[in-house]
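Peer 1: Dropping the structure in here first, questions after.
Number of protein chains: 2
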Amino acid sequence: MSSNDLPSLGAGSPGANLPALRGHNTALVLGLLRAAGGEGVSRLELAAHTGLTPQAVSKITARLRSEGLAAEAGRRASTGGKPATVLRLVPGARHAVGLHLDRDELTAVLADLTGRAVAERRAPLAFEAGAEQVLTTVEREVAALLAAADGPGVLGVGVACPGPLDHTTGVLHRVTGAPRWDGFPLRDAVAARLGLPAVLDKDTNAAALGLDRARPDGTGSFGYLHLGTGLGAGLVLDGTLYRGPRTGAGEFGHQIVQLDGPRCDCGRQGCIEALCLAAVAGGDLPGAARALGVGAANLVELLDIDQVLLGGRTVLAYPEPFLGGVARELAAQARTRGGGSGARPAVSVALAPGGARAVADGAAELVLAPLFGARRPALRPR
Amino acid sequence: MSSNDLPSLGAGSPGANLPALRGHNTALVLGLLRAAGGEGVSRLELAAHTGLTPQAVSKITARLRSEGLAAEAGRRASTGGKPATVLRLVPGARHAVGLHLDRDELTAVLADLTGRAVAERRAPLAFEAGAEQVLTTVEREVAALLAAADGPGVLGVGVACPGPLDHTTGVLHRVTGAPRWDGFPLRDAVAARLGLPAVLDKDTNAAALGLDRARPDGTGSFGYLHLGTGLGAGLVLDGTLYRGPRTGAGEFGHQIVQLDGPRCDCGRQGCIEALCLAAVAGGDLPGAARALGVGAANLVELLDIDQVLLGGRTVLAYPEPFLGGVARELAAQARTRGGGSGARPAVSVALAPGGARAVADGAAELVLAPLFGARRPALRPR
DNA sequence: TCCACTTAAGCAACGCTGTTGCCAAAGTGC
DNA sequence: GCACTTTGGCAACAGCGTTGCTTAAGTGGA
Chain B
122 MSSNDLPSLG AGSPGANLPA LRGHNTALVL GLLRAAGGEG VSRLELAAHT GLTPQAVSKI
182 TARLRSEGLA AEAGRRASTG GKPATVLRLV PGARHAVGLH LDRDELTAVL ADLTGRAVAE
242 RRAPLAFEAG AEQVLTTVER EVAALLAAAD GPGVLGVGVA CPGPLDHTTG VLHRVTGAPR
302 WDGFPLRDAV AARLGLPAVL DKDTNAAALG LDRARPDGTG SFGYLHLGTG LGAGLVLDGT
362 LYRGPRTGAG EFGHQIVQLD GPRCDCGRQG CIEALCLAAV AGGDLPGAAR ALGVGAANLV
422 ELLDIDQVLL GGRTVLAYPE PFLGGVAREL AAQARTRGGG SGARPAVSVA LAPGGARAVA
482 DGAAELVLAP LFGARRPALR PR
Chain U
122 MSSNDLPSLG AGSPGANLPA LRGHNTALVL GLLRAAGGEG VSRLELAAHT GLTPQAVSKI
182 TARLRSEGLA AEAGRRASTG GKPATVLRLV PGARHAVGLH LDRDELTAVL ADLTGRAVAE
242 RRAPLAFEAG AEQVLTTVER EVAALLAAAD GPGVLGVGVA CPGPLDHTTG VLHRVTGAPR
302 WDGFPLRDAV AARLGLPAVL DKDTNAAALG LDRARPDGTG SFGYLHLGTG LGAGLVLDGT
362 LYRGPRTGAG EFGHQIVQLD GPRCDCGRQG CIEALCLAAV AGGDLPGAAR ALGVGAANLV
422 ELLDIDQVLL GGRTVLAYPE PFLGGVAREL AAQARTRGGG SGARPAVSVA LAPGGARAVA
482 DGAAELVLAP LFGARRPALR PR
């Protein structure tokens, strides 16, 4: 048995056959059921939002009900005829494990199908102590997590840690201060150790994926900026997490915003990360926020971003100065974009919900997302 | 009849049925035929690259041949059995018109299915003279273009002009120096005038789409930087043109790379465009190239870009200084990314092929691309 | 109280997709 | 000249969403 059996639709074989068609539509319906949340959706509403015929939706939902993934949940009020039956996702039908491996701490969550964490554990971690110790800790914590919950059907494990790494192969490229991790196949090691399929991704990507699920409307683009010991970003473009060809996208910290600026650890000058962290160290929070804000404005401008979300320890320690400073830069940018009919309000900035658990939640979402279709369509509340 | 009948797969109705399945696979095969070029591909190779069975490929290619889009073209040398029959795209089976409406000039091309221009026309244009004059010129030039060629089956017209505009509605947002164009529905106006389906997009997006077709391997990401009277970019991410939710992506010129730098026309300070154009005006080409290069490096870093292509009048006027300056910045960036196994060579920079006709060629590609599937899979040369 | 109407959802037959099993065609090489 | 390999078509098939029709379950006016 291969150690990585998670569904990977379409990536390798772009040709589509009947099973692929069925899988696509099933995932689509599941995604709408999930987006509907506790309120549920009727079959006809699903038909309207997918473009499928009501009969097709009936067949698909019948399969989902027989598999225990969906259930009927009462009826709507009549609108002049037979009242619609409401369908709902069964959150506990499957679960996924999300692991956040930070430099000094491990966070593990068990998430249900809605992405909600039904159990959580934290443990200190010494990443530079090497693979064996880390894997032992992971095994122990995940075992405890699964024992606590009655969770049937664990689909797999999502692992998130600081980059750089390769999402497609599941291999770490470089870990600051721990050269022996170079090239370590973390995904397969975790999968073998736990006996579960695994996915590996950068912490910022996982967080962005998790935040995308929590957003009110599904499509659109947003950027998640994570300021902790370093500065990185997760990009969701047109409703899809963008990783880049080598999982290298989102390297936001070394964007240069000041030609001939102060030298950065990376060797270049004027990187946002250097400006930000130096300002924070010097107690100049407005200055740090301004540098972050200029970077955010560049991001918004370049990628036509809808919203900016901030997270990471440093931001969480001083939320107001950062939110205010970034908002100020985005407002300044918006003022310059007026002119014709294209004038629009400043892009909003907010604190990423989920706080310190955002990355672990997102790691679970790495496993869950494929079930619900890559691109989640918007379900407008009628 | 609506004035815009171009195929728009999947955007509105994400649900897939049998016609959608068929269309998807047909486009996939057509895309591979196109990528194979004059050499052609055998049915079994198509099967291997799509993941479809050879029999399915036979059925699909039989349809394509009966529609005149594909043809048999000789045989391969035998490898120990029956020699494979080579299939080839029939370039002249369909055509598309590409229009580049620049501020002072119109370029029109008639492209065959491979994207090659089989006819071309140029005419002076006064964009600020208003819609009626522009449409009249367009009608005259397109008529002349179609009369010269014996091109049957014109699929539609792709229109490219400077932004900002909305690709989905085909409406111009703002034209510098010509406020009466604000909100003008250019796409529908062109479609009605010519009696052909039309698509509208930004000049940089069209150019990037056209350049994507011309690239050796289909997937991956690249950025096209266009420096003319302004500075803009076209982004192809994971083999797909990224437009952003409001066709606003690629606004590269007002990326800030120098905090508190010289004031830009847009009102902010330190924009790349301001730095670049001021340097060019002052005869400081290395300085202009350096500003452009820093912006390119930021782009590469943020989006994990494979290649940078340069175009536009100003670059075409002084190719060497710009290529050299940008290459220098990308090399400086690559040096700082060493460390572990993730070390990789500097991202390459090159002049965009096609020169002054790149945008018009890309405009035709706006029409052609949907036929060949959005995401073109790589066809490795065995 | 009844009946016409509306809306929701299932049953059965159907068309069309890619798949499977089999066979003919057309080469190579001993 | 024969065994073998490789290519590609023919025919029957399974399974997808669709269509046409029927049943279920309400509302609302006469």
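Chains as they are written, first to last, in the numbering used here: chain B, 122 to 503; chain U, 122 to 503.
All C-beta atoms in this analysis are idealised placements derived from N, C-alpha and C, irrespective of residue type, glycine included.
#1: Listing by chain order, which chain B residues have their CB less than 9 angstroms from the CB of residue 453 of chain U?
#2: Can you tell me the Cα-Cα spacing of residue 451 of chain U and residue 388 of chain B, whole angstroms?
#3: If you follow the beta strand (DSSP E) that residue 516 of chain U is in, where does it begin and where does it stop?
#4: Suppose contacts are defined by Cβ-Cβ distances below 8 angstroms. Is residue 308 of chain B in contact with residue 296 of chain B by that definition?
#5: Count the other C-beta atoms from every protein chain shown that fall within 10 angstroms of the C-beta of residue 220 of chain B, then say buried if there are 16 or more, exposed otherwise.
#6: What would DSSP say about residue 378 of chain U, mapped onto helix, strand or coil?
#7: Is it right to say residue 300 of chain U is buried, meaning 16 or more other beta carbons lie within 10 angstroms of its own, or is it exposed?
#8: Buried or exposed for residue 247 of chain B, going by 16 or more other Cβ atoms inside 10 Å?
#9: How would you write the range of the alpha helix (DSSP H) that residue 184 of chain U sits in, first residue to last?
#10: Interface residues of chain B around residue 326 of chain U at Cβ under 7 angstroms?
#11: Could you name the residues of chain B that residue 425 of chain U contacts, counting a contact when the two beta carbons are closer than 9 angstroms?
#12: Given that residue 375 of chain U touches chain B, what residues does it touch there, using C-beta distances under 7 angstroms?
#13: Given a cut-off of 8 angstroms, decide if residue 432 of chain U and residue 347 of chain U are closer than it, judged by their beta-carbon atoms.
#14: Under a Cβ-count criterion, where at least 16 other Cβ atoms within 10 Å of its own Cβ denotes burial, should residue 372 of chain U be classed as buried or exposed?
#15: From residue 172 of chain B to residue 360 of chain B, what does the alpha carbon distance come to, in whole angstroms?
#16: Alpha carbons only, please: which of B:342, B:350, B:316, B:313 is nearest the one belonging to residue 324 of chain B?
#17: Using C-beta distances below 7 angstroms, list every residue in its chain close to residue 369 of chain B, excluding the 5 sequence neighbours before and after it, in chain order.
#18: Comparing the C-beta of residue 216 of chain B with each C-beta of chain U, is any distance below 8 angstroms?
#19: Which residues does DSSP pair with residue 245 of chain B in a beta bridge?
#20: Whose C-beta lies closer than 7 angstroms to the C-beta of residue 126 of chain U among residues of the same chain, with five residues either side of it excluded?
#21: DSSP has residue 421 of chain U in a bridge; who is on the other side?
#22: Whose CA, out of B:468, B:167, B:149, lies closest to the CA of residue 367 of chain U?
#23: Skipping 5 residues on each side, what residues in its chain have a beta carbon closer than 6 angstroms to that of residue 240 of chain B?
#24: Which of the three DSSP states is assigned to residue 279 of chain B in this structure?
#25: Nearest by alpha-carbon distance to residue 470 of chain B: which of B:204, B:344, B:159 is it?
#26: Are the C-beta of residue 493 of chain B and some C-beta of chain U separated by less than 8 angstroms?
#27: Starting from residue 139 of chain B, follow the alpha helix (DSSP H) in both directions and report where the run begins and ends.
#28: Identify every run of the beta strand (DSSP E) within the region 288-330 of chain U, keeping only runs that are complete inside it and at least 3 residues long; order them along the chain.
#29: Using Cβ-Cβ distances below 7 angstroms, what residues of the region 169-187 of chain B are close to chain U?
#30: List the residues of chain B that residue 137 of chain U touches, going by C-beta distances under 7 angstroms, in chain order.
#31: Rounded to a whole number of angstroms, what is the C-alpha to C-alpha distance between residue 291 of chain U and residue 364 of chain U?
#32: Use the C-beta contact count for residue 254 of chain U: other C-beta atoms within 10 angstroms, 16 or more gives buried, fewer gives exposed.
#33: Consider the Cβ of residue 456 of chain B: report whether some Cβ of chain U lies at a distance smaller than 8 angstroms.
#34: Could you spell out where the alpha helix (DSSP H) holding residue 483 of chain B opens and where it closes?
#35: Let's see if you can read the secondary structure: which residues bound the beta strand (DSSP E) around residue 356 of chain U?
#36: Evaluate residue 342 of chain U with the Cβ neighbour count: other Cβ atoms within 10 Å of its Cβ, from every protein chain shown; 16 or more gives buried, anything less gives exposed.
Peer 2: This is what the structure gives:
#1: 388, 389
#2: 13 angstroms
#3: Because chain U spans 122 through 503 in this model, residue 516 of chain U falls outside it and cannot be assessed.
#4: no
#5: buried
#6: coil
#7: exposed
#8: exposed
#9: 175-187
#10: Those do not exist, as residue 326 of chain U stays about 12 angstroms from chain B at its closest Cβ, beyond 7 angstroms.
#11: 363, 364, 365, 366, 367, 368, 369, 370, 371, 372
#12: 422
#13: yes
#14: buried
#15: 19 angstroms
#16: B:350
#17: 285
#18: no
#19: B:226
#20: Residue placement at residue 126 of chain U is flagged as unreliable, the pLDDT there being 33, under the threshold of 50; a coordinate-derived value is accordingly withheld.
#21: Paired residue(s): none; residue 421 of chain U is not in a bridge.
#22: B:468
#23: 231, 266, 269, 270
#24: strand
#25: B:344
#26: no
#27: 139-157
#28: 319-323
#29: 171, 172, 173
#30: 142, 145, 146
#31: 13 angstroms
#32: exposed
#33: yes
#34: 479-489
#35: 352-358
#36: buried
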